[in-house]
Amino acid sequence: MSESPALLIRFCQEKREPDLRFFFTIRTQEESRHAEASYLMAEKLGGYIQQPIKTESQKSVATHGVRKMALDPDTPLEAIIAGLVCALEEFAFDWFKIMLESATNPVANRLLRLILRDEVRHCAFGWLYLDHRLPQMSADQIAAVERATINTIEHVELTGYRVPWLAPDSEAARAEMAGRPAVLGSRAGRHGRGDGEADVRRYDAAHPRTHARLGHRLADVFIMRASERSR
Amino acid sequence: MSAVLAPQRAFSGEIPVERRFPLHLEPSIGSIRELYDAAKQARWDPQRVADWDGFDAVRYPADVRDAARLSWSRRAWTEYGGLAESPALIVRFCIEHQRESDPKYFLTVRSTEEAWHLDCCHRFAELLGGYVAAPRAPAYQALFNQGLHREALDIAMPLDAYVAAHAALQDGLDLELYRGYRDNCARSGRARRSRTAGRRQDAARRVRLVLSRAACAGLGRCGARPRSVPRSRAC
């Protein structure tokens with residue numbers, strides 16, 4: 002909700018293609034309704050919790066310097082898009098899909114389905130923009146995008162941003178995991194290596210040009226790091 | 024034209040540092056929450072809101088078309104400022120410690136509405152002979168490049184002061200201007216009225232937002248109408 006507008010400011014500052022600016026106003030609004038819907042559901046379930054149980058876990062779910070990067074002219078915009086939009090939104094898509102498949106409550110299922118619908122568009126935006134930009138970029142610039150993407154995966158997703166069990170083992174991570182459903186809180190969850198490999202094939206099928214040019218498989222990085230953590 | 028038209032806005036170079044938690048998402052300013060709900064209900068699509076294909080520009084003399092083309096281009100230039108200012112305000116509300124959730128939610132819709140306004144102005148200018156991408160005089164261009172988004176993010180600018188000065192006052196003027204445009208084009212047919220109606224409602228909602236915020240922040244005594252704007256102002 003606060004990262005999308007920072008990127009929108011950057012698009013305006015750099016006079017990027019108008020389509021980006023228009024789309025990101027909608028994306029900002031969609032992130033807002035995700036927050037609102039999640040809050041309303043949490044309230045129905047006994048009350049919204051205003052912060053992680055342990056202070057140490059707050060860093061995992063806070064901003065990760067995305068806003069700062071978005072407003073920093075020295076950080077290439079394509080690198081931010083690749084890391085924040087392509088990589089993280091892909092993971093968001095996958096997590097929401099897992100939750101959707103698991104949610105039997107009709108209200109929860111409906112909310113997750115609607116959020117997932119938005120996330121699909123958010124993912125598509127990132128990949129479509131990289132498809133548009135990569136042919137115009139040098140090998141060095143593409144390498145910077147790769148580094149930024151891997152960096153984002155390691156320093157955001159793998160710090161427990163969405164699922165605490167991906168965070169390095171700590172008292173705070175264990176406290177966050179306590180009481181969560183097995184499908185979300187377990188290291189033996191459904192996103193083992195087997196499912197991840199299927200994801201890689203799906204990503205490649207969906208975005209062959211971009212994946213080929215990036216030279217890295219985002220999901221591969223994720224699976225490798227997550228497997229290391231699991232061991 | 025003199026270069027003094029370009030306002031020099033100071034920027035301290037610093038934006039506030041966020042302390043996100045506890046993250047308040049509960050409704051706390053009822054009037055603004057109502058505006059947010061109203062904004063969600065009143066969404067409209069620039070592509071479908073008007074009969075663009077049915078607009079026949081050649082019905083109008085060339086000089087009228089050119090004037091209208093420039094006029095709608097100029098509106099696009101002013102609307103464009105909001106495209107960066109609204110997200111800057113969202114960011115500022117988000118990074119200020121323990122700010123209410125309602126303005127954050129509302130501003131996300133406002134940001135979308137600014138995009139729709141811009142889209143409309145651009146489409147109409149195109150139909151009238153082509154969008155004009157820049158003012159003729161370079162000095163005049165600076166007027167449209169005020170960098171309000173920097174001021175909204177600047178730690179040296181208190182958020183409530185920014186909201187009162189820029190959002191309440193400027194959006195109030197915007198509302199009155201669009202009311203004037205509507206009255207002026209009332210004789211010109213339903214199609215034109217429908218184009219301005221959505222934008223007028225958006226402007227009215229925004230004015231109510233900022234005045235409500237100003238009242239909550241104790242700024243009502245600064246001249247802004249406290250609590251809320253009467254419904255009749257919402258067109």
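Just so you know, the sequences run in chain order A and B.
First residue of the first sequence? That's 2 in this note's numbering, and the numbers climb one at a time after it.
First residue of the second sequence? That's 24 in this note's numbering, and the numbers climb one at a time after it.
Cβ coordinates follow ideal geometry from the N, Cα and C atoms, glycine included.
Contact with chain B is absent for Met42(A), since none of that chain's Cβ atoms lies less than 8 Å from the residue's Cβ.
Segment contact: the region 88 to 103 of chain A against the region 151 to 162 of chain A, three or more CB-CB distances shorter than 8 Å; contact assigned. Looking from the CA of Tyr83(B), the closest CA among Leu151(B), Cys144(B), Glu119(B), Gly36(B) belongs to Leu151(B). Shown here, Phe25(A) sits in a helix according to DSSP, grouped into three states.
Within the region 97 to 109 of chain A, not one residue has a Cβ closer than 9 Å to any Cβ of chain B.
The beta carbon of Gln52(A) sits closer than 6 Å to no other beta carbon from its chain once the five residues preceding and following it are set aside. For Glu199(B) and Glu15(A), the gap between their C-alpha atoms comes out near 32 Å. Here the alpha carbons of Cys124(A) and Ala62(B) stand approximately 26 Å from one another. Taking a cut-off of 8 Å on C-beta distances, the region 142 to 149 of chain B does not touch the region 110 to 126 of chain B, as fewer than three cross pairs fall below it. Using a Cβ distance threshold of 8 Å, Leu112(B) and Ala175(B) count as a contacting pair. For Glu37(A), at least one C-beta of chain B is nearer than 8 Å to its own C-beta. Along the region 147 to 178 of chain B, going in chain order, the ones with a CB nearer than 7 Å to a CB of chain A are His172.
Collapsing the DSSP output to three states places Gln30(A) in a helix.
For Asp177(B), the secondary structure class from DSSP, reduced to helix, strand or coil, is coil. Remark: three or more beta-carbon pairs, one from each stretch, lie closer than 8 Å, so the region 115 to 132 of chain A and the region 34 to 42 of chain A are flagged as touching. Per DSSP, the unbroken alpha helix (DSSP H) holding Glu102(A) starts and ends at 90 to 103. Three or more beta-carbon pairs separated by less than 8 Å link the region 71 to 86 of chain A to the region 139 to 159 of chain A, which places the two stretches in contact.
If you draw a straight line from the Cα of Phe12(A) to the Cα of Arg175(A), it is about 39 Å long. Pairwise C-beta distances place the region 96 to 104 of chain A out of contact with the region 129 to 145 of chain A, as fewer than three of them are shorter than 8 Å. If you check each beta-carbon in the region 156 to 170 of chain A against every beta-carbon of chain B, none falls closer than 8 Å.
Excluding residues up to 5 positions away in sequence, Arg22, Phe25, Thr26, Thr29 lie with their Cβ nearer than 7 Å to the Cβ of Leu9(A) in the same chain.
Shortest Cα-Cα distance from Asp194(B) to any of Ala179(B), Tyr103(B), Asp225(B), Ile55(B) involves Asp225(B).
Glu123(B) is the residue among Phe44(B), Asp86(B), Glu123(B) whose C-alpha sits nearest the C-alpha of Ile55(B).
Look at Tyr103(B) here: in three-state DSSP terms it is helix. Taking a C-beta distance under 8 Å as the contact criterion, Thr135(B) and Met2(A) do not qualify as a contact pair.
In this structure, the alpha-carbon of Thr150(A) lies about 24 Å from that of Arg43(B). The straight-line gap separating the alpha-carbon atoms of Ile38(B) and Pro69(B) is approximately 34 Å. Nearest in C-alpha terms to Leu48(B), of all of Phe129(B), Asp79(B), Gly77(B), Ala91(B), is Phe129(B). Contact note: Ala107(B) reaches chain A through Leu9, Ile10, Cys13, Gln14, using a C-beta cutoff of 8 Å and chain order. Between the C-alpha atoms of Arg71(B) and Leu135(A) there is a straight-line separation of about 33 Å. In the three-state reduction of the DSSP assignment, Gly195(B) falls in the helix class, which pools H, G and I. Contact of Pro45(B) with chain A is assigned, a C-beta pair being separated by under 8 Å. Counting only Cβ-Cβ distances below 8 Å, Tyr49(A) has contacts in chain B at Leu48, Glu49, in chain order. Identification of chain B residues near Gln30(A) by a Cβ-Cβ cut-off of 8 Å yields Thr131, Val132, Ser134, Thr135, ordered along the chain.
Taking 7 Å as the upper bound on Cβ-Cβ separation, chain B lies near residues Arg68 of the region 68 to 81 of chain A.
Around Pro136(A), no beta-carbon contact reaches into chain B at under 7 Å, the shortest distance being about 26 Å.
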